[in-house]
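Asker: I have a structure I would like to understand better, so I am pasting it below and will then ask my questions one at a time.
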Ligand code: NDP
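Residue numbers (the UniProt record's numbering): 18 to 451.
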């Protein structure tokens, strides 16, 4: 806390890991001699830079850009870019730190990183978005590359932004390095199924958790927060597997449609028309709209999938979910549940899939995109989707096993943290004090 003052989100992410790793250090004290934790908590490099851009009226604006290159023990830095007014050093550090363990869990050779800007994309024209992305990449391009650091999307950064960022990188570097960014459109090197991967992966993870209880998604009622990339495809896959998704949200409020959310409407409103989720009720008058996104958790459900942002689900909401009979919670977003909320789920026998494990499908398919770019071959959708399912199954099994091996059977938070940690820690020991 003294070394990272005023960085609450980063401190929260580190605390969760430290609590989980106690049994590892008891069993293997040599990690302490190697100062593995102290080294892991300190990013290898943080880049912070000015992003000036001109709006449509000719006014000049200045935003702040970040890239945190956290850990490259097992591969090039890998992690998304977030464009949201709340972005600051604490947010990118918490995200970058979590990414180290998540990326390790995928079994793919990728290190941990994250970046973004306090830029607000909402309400901006296409040209403004393009000019901002070009300015952002003019600086970032000096620090990334297909074998060094490979950014992707996150909140506020989707296929459109990745396209503009890629175009500018190409111009700055004067060569076609397809593997420098992932989440590209398939026409210029993107992987099929990358758009769907995080949401689908989260639902595949839920499937594995339920399988452990001889149960499945068929007939279940599901609440998904958010209505962005992760939420959309979590809704799609859960519905495909027989569940009814009755609610989703944006940062203003949530919609409740007890017949089941019409995903075509949500996709059009959010991806094409870029409207607020409230507009859903204009086309579906039987659905309800409520202001205040946090109250989405008051809707009774069997499965809750927080897929919007950090700390969107607190202990009080967790208690309400438990009271209403929730059976499983899986985190599509990064750190959406507070530490107290996780505690409520775990002490009430709710199956809980932590972000590092449950939402790792996105970055796993990003690594598959890198593999396709290196080999100059594009795989079919079904091929990538099958690999994604395999990876989610492995993540689940490895997390279950690590939890058992270290005396916390059934605790997937501890299991995922330990399984992710061990590979990176061992690589760091083997590579010496650097
Ligand atoms: P999007 O920008 O596509 O969607 C984000 C959604 O969450 C929107 O509905 C947005 O509402 C809502 N939201 C964002 N910020 C807030 C906030 N402060 N309070 C309430 N609601 C908010 O982002 P993604 O779907 O890509 O990302 C969602 C989460 O998933 C993030 O935590 C991200 O880190 C995580 N994640 C994403 C991956 C990916 O592949 N995209 C991979 C792994 C994790 P509004 O439109 O009103 O802003």
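All C-beta atoms, glycine included, are put in the ideal place defined by N, C-alpha and C.
1) Identify every residue that forms a DSSP beta bridge with residue 238.
2) Helix, strand or coil: which one does DSSP assign to residue 369?
3) Roughly how many angstroms separate the alpha carbons of residue 40 and residue 424, rounded to a whole number?
4) Tell me whether residue 246, by its Cβ, gets closer than 7 Å to a heavy atom of ligand 1.
5) What separation, rounded to the nearest whole angstrom, lies between the Cα atoms of residue 305 and residue 296?
6) May I ask you to list the residues that DSSP assigns as paired with residue 35?
7) Where does residue 46 land, buried or exposed, given buried means 16+ other C-beta within 10 angstroms?
8) Which residues bound the alpha helix (DSSP H) around residue 111?
9) According to the Cβ coordinates, are residue 319 and residue 256 closer than 8 Å?
10) Counting along the chain, where does the alpha helix (DSSP H) carrying residue 322 start and finish?
11) In three-state DSSP terms, what is residue 243?
12) Tell me the residue span of the alpha helix (DSSP H) that contains residue 224.
13) Following the continuous beta strand (DSSP E) through residue 6, name the residue where it begins and the one where it ends.
14) Who are residue 86's beta bridge partners in DSSP?
15) Considering only the beta carbon of each residue, do residue 10 and residue 168 sit closer than 8 Å?
16) Where does residue 343 fall in DSSP's three states?
17) Do residue 370 and residue 429 count as a contact pair if the criterion is CB distance below 8 Å?
18) What is the DSSP secondary structure of residue 80, counted as helix, strand or coil?
19) Taking residue 58 as the reference, which of 124, 183, 129 and 79 has the closest Cα?
20) Residue 32: buried (16+ other C-beta within 10 angstroms of its C-beta) or exposed?
21) Out of 283, 259 and 279, state which residue places its alpha-carbon closest to the alpha-carbon of residue 267.
22) Which residues does DSSP list as the beta-bridge partners of residue 146?
23) Rounded to whole angstroms, what is the Cα-Cα separation between residue 122 and residue 435?
24) Excluding the 5 residues preceding and the 5 following residue 118 in the sequence, name in chain order all residues of the same chain whose CB lies nearer than 8 Å to its CB.
25) Candidates 29, 70 and 177: which alpha carbon is nearest residue 202's?
26) On the CB-based measure, 16 or more other CB atoms within 10 Å of its CB, does residue 413 come out buried or exposed?
27) Looking at the strands, I want to know which residues DSSP matches up with residue 100.
28) Excluding sequence positions up to five away, which residues of its chain have a Cβ less than 7 Å from the Cβ of residue 55?
Answerer: Quick answer:
1) In the DSSP assignment, the residues bridged to residue 238 are 261.
2) DSSP places residue 369 in strand when its eight states are reduced to three.
3) 8 Å
4) yes
5) Rounded to the nearest angstrom, the two C-alpha atoms are 11 Å apart.
6) Residue 35 is not bridged to any residue.
7) exposed
8) 106–122
9) No.
10) Boundaries around residue 322 are those of the beta strand (DSSP E), 320–322, since no alpha helix (DSSP H) includes it.
11) Here residue 243 sits in coil by DSSP.
12) First-last of the alpha helix (DSSP H) with residue 224: 211–228.
13) The displayed coordinates of the chain run from 18 to 451. Any statement about residue 6 would go beyond what the structure contains.
14) Looking at the DSSP assignment, residue 86 forms a beta bridge with 62 and 130.
15) Absent from the model: residue 10. The displayed extent of the chain is 18 to 451, so no value can be given.
16) coil
17) yes
18) When secondary structure is reduced to three states using DSSP, residue 80 falls in the strand class.
19) When each option's Cα is compared against that of residue 58, the closest is 129.
20) exposed
21) 283
22) BP columns for residue 146 are empty, so no partner.
23) Those two C-alpha atoms are separated by around 9 Å.
24) 34, 129, 373, 433, 434, 437, 438 and 441
25) Ranking 29, 70 and 177 by Cα distance to residue 202 puts 177 first.
26) buried
27) 134
28) none
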